[in-house]
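Here the sequence shown is numbered in UniProt numbering, starting from 1 and rising by one per residue. A short worksheet on the structure shown next.
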Amino acid sequence: MAAFQYGAAPYFHPYAYMLGGAQVTILVCGDESLEIVKGYWVQDCSAATQNIILEAHAKGPGAV
């Protein structure tokens, strides 16, 4: 598992600029070498992200 230095995350991806001001960040990643069915890691990660966002909304703080 890779570790990111605090404050460095917004620079590793062009759409990650909002991470610099976040109190908490969850990074959802897929490992292609662990796939049971090849090619579905994007859908799996998307579903996981959707569930995290829905739960954050239900608990009150919300998410982007």
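Beta carbons: idealized from backbone N, C-alpha and C, even for Gly. Just so you know, these numbers come straight off a predicted model, no measurement behind them.
Contact set for residue i: own chain, Cβ-Cβ below 6 Å, skip 5 residues either direction
{"i": "Ile-53", "result": "Ala-63"}
{"i": "Met-1", "result": "Caution is warranted here: a pLDDT of 48 is assigned to Met-1, below 50, making its placement in the model unreliable, and the coordinate value is therefore given only provisionally. Nothing listed; no residue qualifies."}
{"i": "Glu-55", "result": "none"}
Beta-carbon proximity list for residue i, same chain, < 7 Å, skipping 5 on both sides
{"i": "Glu-35", "result": "Trp-41"}
Best match in the options for proximity to residue i [C-alpha to C-alpha]
{"i": "Ala-32", "options": "Ala-16, Tyr-17 and Asp-44", "result": "It is worth fixing the name first, because residue 32 is Glu in this sequence and not Ala. Residue Asp-44 is the option with its Cα nearest to Glu-32."}
Three-pair Cβ contact test at 8 Å for the segment 21–31 versus the segment 41–58: Yes, they touch.
Runs of alpha helix (DSSP H) wholly within the segment 8–46 (minimum 4 residues, chain order): Scanning the segment 8–46 from its first residue to its last, no whole alpha helix (DSSP H) run of 4-plus residues comes out.
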